[in-house]
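Following: one structure in structure tokens, then a few remarks.
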Amino acid sequence: MRLSIGITHLTPAWEILLKQIGPPFEKLNPVDAWEPDRYSCIITSGRLDFSSIERLLHFVKRGGSILSETDAAEQLFNTRCSPHFIEYINTENDGIFKSVPSGFIGCQLIIPNNATFVKEKHGKKLIEFKKLGHGQILVLPGGLVNSILSQAPKRRNFSTKGPWLPSERVAKVSKHTVRELITQSLKKLIWKRTLPFVSLSPFPNSNNSIFGFRIDTDFASISEVENMYRLCTKYEIPAAWFVETGSCKSWLHRYSEMVGQDIGLHCFKHRIAKKYILNEKDVNEGKTALRINGIIPRGYAAPFGEWNHSLNKALEYHGFQFSSEFSLDYDNLPFYPVLNERFSTVLQIPIHPISIGSLRNARHSNKEMVQYFETVIENHTANQLPIIFYDHPGNTNLDVLEQVFQIIRDKNILKLSMTDFSNWWKNRDDIVWEAKLNDGQLHISTNNSRNSIKVIISKSQKNCSIPLVENQLAINELNWMPSQSIPLQVPHISVRAHVNYKMIINDLLHTYWKYKL
Numbered sequence: 061m062r063l064s065i066g067i068t069h070l071t072p073a074w075e076i077l078l079k080q081i082g083p084p085f086e087k088l089n090p091v092d093a094w095e096p097d098r099y100s101c102i103i104t105s106g107r108l109d110f111s112s113i114e115r116l117l118h119f120v121k122r123g124g125s126i127l128s129e130t131d132a133a134e135q136l137f138n139t140r141c142s143p144h145f146i147e148y149i150n151t152e153n154d155g156i157f158k159s160v161p162s163g164f165i166g167c168q169l170i171i172p173n174n175a176t177f178v179k180e181k182h183g184k185k186l187i188e189f190k191k192l193g194h195g196q197i198l199v200l201p202g203g204l205v206n207s208i209l210s211q212a213p214k215r216r217n218f219s220t221k222g223p224w225l226p227s228e229r230v231a232k233v234s235k236h237t238v239r240e241l242i243t244q245s246l247k248k249l250i251w252k253r254t255l256p257f258v259s260l261s262p263f264p265n266s267n268n269s270i271f272g273f274r275i276d277t278d279f280a281s282i283s284e285v286e287n288m289y290r291l292c293t294k295y296e297i298p299a300a301w302f303v304e305t306g307s308c309k310s311w312l313h314r315y316s317e318m319v320g321q322d323i324g325l326h327c328f329k330h331r332i333a334k335k336y337i338l339n340e341k342d343v344n345e346g347k348t349a350l351r352i353n354g355i356i357p358r359g360y361a362a363p364f365g366e367w368n369h370s371l372n373k374a375l376e377y378h379g380f381q382f383s384s385e386f387s388l389d390y391d392n393l394p395f396y397p398v399l400n401e402r403f404s405t406v407l408q409i410p411i412h413p414i415s416i417g418s419l420r421n422a423r424h425s426n427k428e429m430v431q432y433f434e435t436v437i438e439n440h441t442a443n444q445l446p447i448i449f450y451d452h453p454g455n456t457n458l459d460v461l462e463q464v465f466q467i468i469r470d471k472n473i474l475k476l477s478m479t480d481f482s483n484w485w486k487n488r489d490d491i492v493w494e495a496k497l498n499d500g501q502l503h504i505s506t507n508n509s510r511n512s513i514k515v516i517i518s519k520s521q522k523n524c525s526i527p528l529v530e531n532q533l534a535i536n537e538l539n540w541m542p543s544q545s546i547p548l549q550v551p552h553i554s555v556r557a558h559v560n561y562k563m564i565i566n567d568l569l570h571t572y573w574k575y576k577l
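Numbering (the numbering used here), first residue to last: 61 to 577.
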């Protein structure tokens, strides 16, 4: 029994999601048999030809599981659907998706009329479950998966116990929510067949998370930079410094003298353009300034967290390995963005977009700031999200930052530079592997040669981790542990969706500083 996932149309959105989730998967081949013992689940996306419809119906009637988008479900199962604008998805108290964080969508989806799971703003259900023969199907809203390709930003509130909700201009769509909906759908369908769900760990050595610290230097003085560097050194934080080079040309050499730090480029002038020629000029000037001082930057973080195609093409031209812009995505796993008909060569590393400055703007005390970051740390650790915070040396609070670093130390969370995380993720992304289950024996085959990459094996309410190496193991003798995923500790999403005057003021200030600097 192969534990691979088959898919009818491997679109860019599906490829991003499946590589983030990490199961063995392949595009269905017309030559191969589409039998329940060949695929633990089949994903149907796009319109299907007559032969595919017949083979998929045969697959599900014989006990297979299908995860379908509505266009294919209309052909396969005569599913009736209708379009609705979906502002946000609410998973609170949902039967099978309650561990998925609620999130924003902000576009029209095609909803199955007989949906029974996951609500939108007005209470309408969005996901349908049905049985056919000995198999089962989950029908996803049409457009949900493709929503992760959105590149539009929007100011969003973030949950806190402080006096005001901090806000930031981030990706309009909560792409982490979409990924988790797909993950849970695949797990539930595969578990229905009493099979395990297998996937690659998102972090080295099966850690539940990693900690990274990103610093955007933004006109900081040398003394402010030195103070933050000393704190990072004290707590052995391999921080990623994204240097705004225009204001510190006379002492740029200081960054090359830092030990155990990761030096990247923020900009030369603190602005992003729509035209390629302007973005390339700024990237070239900033990169040249660093290179003159002995620094070869591999990472980039754009001013104001903005991202666009022309900027990404400039980064590709200059050979950058990764970038980090929360207007494209935040609080999620890395991925390669889509540029028209191809994937970018520059890995995107999402971070948490709320900084100490954001919390100060929302009138948080030092204690409330520390509580905010501690809650994020707990949520991300429990839900296998990277913990990557960011700050500015000229607008920080070192007392708060030190307490946050101490929490990371006390919890023994793996600290990685963003370059190291990028290298590790690229290795993970290149892996070819397969898992089979025969007579209680789990067989793993792979081209992997790195000990830090693990396989997570999940059953309902429990999971375990094993090295990704050629191996054969008795599945009942593995070291099973209770599942740790819990709902995020946040208020109802309607609280975050509420627009307040502080958000409007912050958007006006954002526009002012965007053109003033």
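Glycine included, every Cβ here is placed at the ideal spot set by N, Cα and C.
This structure is a prediction, so every number in the text was calculated from the model and none was measured.
Specify, as a first and last residue, the run of the beta strand (DSSP E) that E228 falls within. One-based indexing of the sequence shown puts residue 228 at position 168. Membership of E228 in the beta strand (DSSP E) is indicated by the continuous run S227 to A231.
V199 and S128 - do their beta-carbons sit closer together than 8 Å? Taking the sequence shown and counting its residues from 1, one reaches residue 128 at position 68. Taking the sequence shown and counting its residues from 1, one reaches residue 199 at position 139. Yes, the pair counts as a contact, with Cβ atoms nearer than the cut-off.
How is I323 classed by DSSP in three states: helix, strand or coil? On the sequence shown, residue 323 is found 263 positions in, with the first residue counted as 1. Strand.
Closest to M478 by CA distance: which of F271, D154, K232 and Q196 is it? Translated into the one-based positions of the sequence shown, residue 478 becomes position 418. Nearest of F271, D154, K232 and Q196 to M478, Cα basis: F271.
Could you give the residue range of the alpha helix (DSSP H) that holds Q466? Within the sequence shown, residue 466 is the residue found at index 406, counting from 1. It spans L458 to D470 - the alpha helix (DSSP H) in which Q466 sits, taken as one unbroken run.
Could you tell me the boundaries of the beta strand (DSSP E) in which R216 lies? Here residue 216 corresponds to residue number 156 of the sequence shown, with the count starting at 1. Counting along the chain, the unbroken beta strand (DSSP E) around R216 starts and ends at P213 to N217.
Cutoff 7 Å; reference D131; Cβ partners in own chain excluding five residues on either side: On the sequence shown, position 71 is the one that residue 131 refers to. So the qualifying residues of the chain are G106, R107 and G202.
Short of 6 Å in beta carbon distance, which residues of its chain neighbour F145, apart from the five on each side in sequence? Order them along the chain. As a first step, residue 145 must be located in the sequence shown, where it is residue number 85. Excluding residues within five positions, the ones whose Cβ falls inside 6 Å are Q168.
On the three-pair Cβ rule with 8 Å, is the segment 537-544 touching the segment 514-524? Below 8 Å, enough C-beta pairs join the segment 537-544 and the segment 514-524 to call them touching: three or more.
Can you have a look at E401 and say buried or exposed, based on whether 16 or more other CB atoms are within 10 angstroms of its CB? For the purposes of this step, residue 401 is taken as residue 341 along the sequence shown, with counting starting at 1. It is exposed - the Cβ of E401 has fewer than 16 other Cβ atoms within 10 Å.
DSSP state of I535, grouped into three classes? Looking up residue 535 in the sequence shown gives position 475. Helix at I535.
Classify N566 as buried or exposed, calling it buried when 16 or more other Cβ atoms lie within 10 Å of its own Cβ. For this step, residue 566 is matched to residue 506 along the sequence shown. By the 10 Å Cβ count, N566 comes out buried.
Looking only at C-alpha atoms, which of F449, A422, T348 and L388 sits nearest to E434? Indexing the sequence shown from 1 puts residue 434 at position 374. Of F449, A422, T348 and L388, the residue nearest in Cα terms is F449.
Starting from the Cα of Q466, find the closest Cα among N455, I437, I564 and L445 and give me that residue. One-based indexing of the sequence shown puts residue 466 at position 406. Closest by C-alpha distance to Q466, out of N455, I437, I564 and L445, is I437.
Alpha carbon to alpha carbon, how far is I355 from Q211? Give it in angstroms, no decimals. The residue labelled residue 211 in the question sits at position 151 within the sequence shown. The residue labelled residue 355 in the question sits at position 295 within the sequence shown. Their Cα atoms are separated by approximately 31 Å.
Span of the alpha helix (DSSP H), counted from its first residue to its last, around P72: As a working note, residue 72 is residue 12 in the sequence shown. Start and end: P72 to I81.
Enumerate in chain order the residues of its own chain whose CB-to-CB distance from R510 is below 7 Å, with the five nearest sequence positions on each side excluded. Within the sequence shown, residue 510 is the residue found at index 450, counting from 1. Close CB contacts of R510 within its chain, under the 7 Å cut and outside five residues either way in sequence, are with N487 (chain order).
Tell me which same chain residues have a C-beta within less than 6 Å of the C-beta of M563, skipping the five on either side of it? Mapped onto the sequence shown, residue 563 falls at position 503. Leaving aside the five residues that flank M563 on each side, the residues in its chain whose CB is nearer than 6 Å to its CB run, in chain order, R215 and S227.
Coil, strand or helix - I103 by DSSP: As a first step, residue 103 is located in the sequence shown; it is residue number 43 there, counting from the start. Strand.
Would S100 pass as a contact of I250 if the rule is Cβ separation under 8 Å? As a working mapping, residue 100 is identified with position 40 in the sequence shown. As a working mapping, residue 250 is identified with position 190 in the sequence shown. The answer is yes: Cβ separation under 8 Å.
K519 - containing beta strand (DSSP E), residue span: Walking along the sequence shown from the start, residue 519 turns up at place 459. Looking at the DSSP string, the run of the beta strand (DSSP E) that includes K519 is K514 to K519.
For the candidate residues K87, K373 and P453, whose alpha-carbon lies nearest to that of K334? Position 274 of the sequence shown holds residue 334. Checked all of K87, K373 and P453; the closest Cα to K334 is K373.
So does Y572 have its beta carbon nearer than 7 Å to some heavy atom of the ligand SAH? In terms of ligand content, the structure shown is empty, and the ligand SAH therefore cannot be addressed.
In angstroms with no decimal places, state the Cα-to-Cα distance between K423 and N455. Working through the sequence shown from its first residue, we reach residue 423 at position 363. Working through the sequence shown from its first residue, we reach residue 455 at position 395. The sequence shown places Arg at residue 423, not Lys. Their Cα atoms are separated by approximately 14 Å.
Can you list, in chain order, the stretches of the alpha helix (DSSP H) that have 4 or more residues and sit fully within the segment 281-331? The qualifying runs are 282-294 and 313-316.
When the distance is taken between beta carbons, is G359 closer than 8 Å to F328? Numbered from 1 along the sequence shown, position 268 holds the residue referred to as residue 328. Numbered from 1 along the sequence shown, position 299 holds the residue referred to as residue 359. Contact flag unset, no.
My output table needs one value for K578: the three-state DSSP class, helix, strand or coil. Nothing in the structure corresponds to residue 578, since the chain is present only between 61 and 577.
Hey, quick one: how far does the beta strand (DSSP E) through T237 stretch, first residue to last? In the sequence shown, the residue the question calls residue 237 occupies position 177. Secondary structure note for T237: it is in no beta strand (DSSP E), and the uninterrupted alpha helix (DSSP H) holding it is K235 to W251.
Using CA coordinates, which residue listed in W573, H452 and E494 is at the minimum distance from F279? Counting from 1 along the sequence shown, the entry for residue 279 is found at position 219. Taking the Cα of F279 as reference, the smallest distance to any Cα among W573, H452 and E494 is reached at H452.
Once you ignore the five residues that flank P143 on each side, which residues in its own chain have a CB closer than 8 Å to its CB? For this step, residue 143 is matched to residue 83 along the sequence shown. Excluding positions up to five away in sequence, the list reads Q168, L169, I170 and I171.
With a Cβ-Cβ cutoff of 8 Å, do L419 and M429 count as a contact? Position 359 of the sequence shown, counted from the first residue, corresponds to residue 419. Position 369 of the sequence shown, counted from the first residue, corresponds to residue 429. Cβ atoms of L419 and M429: closer than 8 Å.
Could you spell out the range, first to last residue, of the beta strand (DSSP E) harbouring L375? Position 315 of the sequence shown, counting from 1, holds the residue named residue 375. Where L375 is concerned, there is no enclosing beta strand (DSSP E), although the alpha helix (DSSP H) it sits in stretches over H369 to Y377.
How do the segment 483-500 and the segment 307-325 stand: do at least 3 beta-carbon pairs fall below 8 Å, yes or no? Segments in contact, no.
Quick one: what's got a C-beta closer than 8 Å to Q532's C-beta in the same chain, skipping five residues either side? One-based indexing of the sequence shown puts residue 532 at position 472. Non-local beta-carbon contacts of Q532 in its own chain, meaning distances under 8 Å to residues more than five positions away in sequence, involve Q501, L502, H503 and I504 in chain order.
For W301 and F382, I'd like the C-alpha separation in whole angstroms. To locate residue 301, count along the sequence shown from 1; it is residue 241. To locate residue 382, count along the sequence shown from 1; it is residue 322. Here the alpha carbons of F382 and W301 stand approximately 13 Å from one another.
Contiguous alpha helix (DSSP H) assignments of at least 4 residues, all confined to the segment 85-166: Whole alpha helix (DSSP H) segments, 4+ residues: 110-121 and 130-137.
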